[in-house]
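> Note that my numbering gives residue 293 to position 286 of the sequence shown, counting from 1, and the numbers run on in steps of one.
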Amino acid sequence: MRAWFGNSAVRRIIFGVTAAVLGFVALGAWAISSPVGSSPDDDYHLVSIWCGLGDREGICETPENAEPGGDTRMVPRSLFIDAVCYSYKPAVGAACMGDLDGAGLTETARGNFVGDYPPVFYGVMSLFVGEHIEASVLVMRFFNAALFVAFLSVLTWLTPAARRAAVVLPVVATAVPLGMFIIASVNPSSWALLSASTLWISLYNFFETTGRRRWLFAGLAALALVLGAGARADAAAYAGLAIVGVLILEARRTKAFWLSAIVPAVFIVVAIVFYRSSGQSSAASGGLGTVPGGQFARELFQAFIAVPDLWAGMLGRWGLGWLDTAMPALVWVSSLAIFAAVVFAGLARSGVRKYLAAGLMFAALWGVPTLLQAQSHAPVGNYIQPRYILPIAILVVAFALVATRERIDFSPAQIVVIVLALTAANSLALHTNIRRYVTGLDNSGVNLSYGVEWWWGEGVTPMVAWLIGSLAFGLCLALLGYLARSSVGQKLDRRAVPA
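1. Counting along the chain, where does the beta strand (DSSP E) carrying residue 81 start and finish?
2. Identify every run of the alpha helix (DSSP H) within the segment 112-195, keeping only runs that are complete inside it and at least 4 residues long; order them along the chain.
3. Specify, as a first and last residue, the run of the alpha helix (DSSP H) that residue 361 falls within.
4. In terms of DSSP beta bridges, what is residue 223 paired with?
5. Just the C-alpha distance for residue 295 and residue 250, rounded to the nearest angstrom, thanks.
6. Taking residue 316 as part of the alpha helix (DSSP H), name the residues at either end of that continuous run.
7. So residue 329 and residue 47 are in contact, right, with Cβ under 8 Å, and what is the actual spacing, rounded?
8. Counting only C-beta atoms, is residue 86 closer than 9 Å to chain B at any point?
9. Give the DSSP-derived three-state secondary structure of residue 18 in the structure shown.
10. At the level of alpha carbons, what is the spacing between residue 398 and residue 176?
11. Who are residue 63's beta bridge partners in DSSP?
12. Based on Cα-Cα distance, which residue from 492, 415, 460, 230 lies nearest to residue 42?
13. Would you mind sorting residue 392 into buried or exposed? The rule is 16 or more other CB atoms within 10 Å of its CB.
14. What does DSSP give as the partner residue(s) for residue 327 in the beta ladder?
15. Return yes when the Cβ of residue 183 is within less than 9 Å of the Cβ of residue 338, no when it is not.
16. For residue 483, which option in 92, 21, 386, 50 has the closest C-alpha, if you only look at C-alpha atoms?
17. Please state if the CB of residue 237 and the CB of residue 150 are separated by a distance shorter than 9 Å.
18. For residue 167 and residue 425, what's the separation of their Cα atoms in angstroms?
19. If you run the structure through DSSP and keep just helix, strand and coil, what is residue 428?
20. Roughly how many angstroms separate the alpha carbons of residue 363 and residue 178, rounded to a whole number?
21. Would residue 320 be called buried (16 or more neighbouring beta carbons within 10 Å of its own) or exposed?
22. Out of 57, 389, 359, which has the shortest C-alpha to C-alpha gap to residue 316?
23. Ordered along the chain, which non-local residues of its own chain (more than five positions away) have a Cβ less than 6 Å from that of residue 286?
24. Look at the alpha carbon of residue 194 and the alpha carbon of residue 163, and state the distance between them as a whole number of angstroms.
25. At the level of alpha carbons, what is the spacing between residue 332 and residue 429?
26. Going along the chain, which unbroken runs of the alpha helix (DSSP H) with 4 or more residues stay wholly within the segment 440-494?
27. From 302, 278, 62, pick the residue whose C-alpha is nearest to that of residue 381; which is it?
28. By the three-class DSSP mapping on this structure, what secondary structure does residue 107 have?
29. Look at the alpha carbon of residue 221 and the alpha carbon of residue 350, and state the distance between them as a whole number of angstroms.
30. Using the three-state DSSP reduction, which class does residue 311 fall into: helix, strand or coil?
31. Taking the alpha carbon of residue 141 as the point to measure from, which residue in 130, 104, 152, 114 has its own alpha carbon closest?
32. For the alpha helix (DSSP H) that contains residue 395, what are its first and last residues?
33. Can we say the segment 60-77 touches the segment 95-102, given the rule of at least three CB pairs closer than 8 Å?
34. Looking only at its chain, what residues have a beta carbon closer than 7 Å to the beta carbon of residue 275, apart from the 5 residues adjacent to it on each side?
35. Mapping DSSP to helix, strand and coil, what is residue 259?
36. Quick test of your reading: residue 396 and residue 376, contact by CB under 8 Å. State the CB separation rounded to the nearest angstrom.
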């Protein structure tokens, strides 16, 4: 047994599978850390999910005498009224919801009834709608957590060992706290984050491998594209950004490249179709030319200098939920420090192509919210929220880390710092998020199971959920750090990318 476990390949497989399970458990803790309706605009998204497969008796119905294709539906009132009774009230726990089942159907116009969002995410989530609202939402959250972990695990397993850190580290460096909260939610941004995390490396591996495996990567890239673009229109735009970044790294004046480039060309066409077919695209392009040029220039400048606040926001500076769950300073300071450190470490090596690709991602991280915020004629944060640009932040880390000439390795001390800092940040963020809903933030005690006003019922208590989630996250990072160090001796099995 000892000799068998001592085999380095077997040990890596065991640790890899264990890390995946722990990652799912950590996301699962976030899935149960908040009640129905707790993710941003959940009243809209829940209604859209219930109607994601069209009219179904008792679930989503067209009002009597309504015109075909109308913009209202009949859905359980609990979805858009009762389930958000605590929003914008951080001192109020979720006990105000009461029983969400059996409230009857009520007409609402707040839903994806006229194609504002792509239909894929809502359609898939609608498959899990059952008799009980709370149970249905929990199943959806756990499904999204499992989908994220499974996709990332398969992709990591297929990726050459020397490049696996580039699959996982962009996720790790951007996950706490907003990513953990959104991935294990029923918000379409969950799939947008999945797409940003997996499309770029799938396509990059498609160019860098041969034989059957390269077509597996092409299939994964296609799936990542459909998942992202089928959830949010901006995810389709970010997919195009990731594809362009990969092409910058891979472009050559060879017949082999041009033949391979057919695949990303098709992907770009698909992304454009998804983007243009969504009402979000017209909303994003609106606003230009509605104010005098001088005023727009001033608004553009004000947005430009304020956008970095969104970067801090996506790493915890802004609140979770409906932006009403403020995070302790330790959370966002730790996450922001690790994000910056990983990016700077990645930029320490490699050639011009990598710098061009990474520079494009950083320009998008600054430029996209600047332009859209200026078009909205509103202060930063009133139109563009941190979760909208978190996928670009993932791409910034990804293209900063991608190794075009030599591996980018972290020392044991650096890995320990990353693990400890993010484990502490995640644990504190999870504790705060649970506290927000079980009692409200007017109670600041350490014991989450004391004086509980809301919880899911019998079984795992709030305190146990926090302890298990915190421990699972820390152990997952520790195993990933070990696996990253164990592959230091692996060489990049690829041709050198010219500078």
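Every residue, glycine too, gets a C-beta built ideally from N, C-alpha and C.
So, from the listed chains and residues:
1. 80-83
2. 127-133, 140-165, 172-179, 185-190
3. 359-383
4. Residue 223 is not bridged to any residue.
5. Interpretation of residue 295 is limited by its pLDDT of 45, a score under 50 that renders its predicted location unreliable; no figure is taken from the coordinates.
6. 315-319
7. 6 Å
8. Absence of chain B from the displayed structure is noted, only one protein chain being present.
9. helix
10. 14 Å
11. 67
12. 460
13. buried
14. 332
15. yes
16. 21
17. no
18. 23 Å
19. helix
20. 21 Å
21. buried
22. 389
23. 122, 123
24. 25 Å
25. 19 Å
26. 469-493
27. 302
28. coil
29. 28 Å
30. helix
31. 104
32. 393-408
33. no
34. 247, 250
35. coil
36. 5 Å
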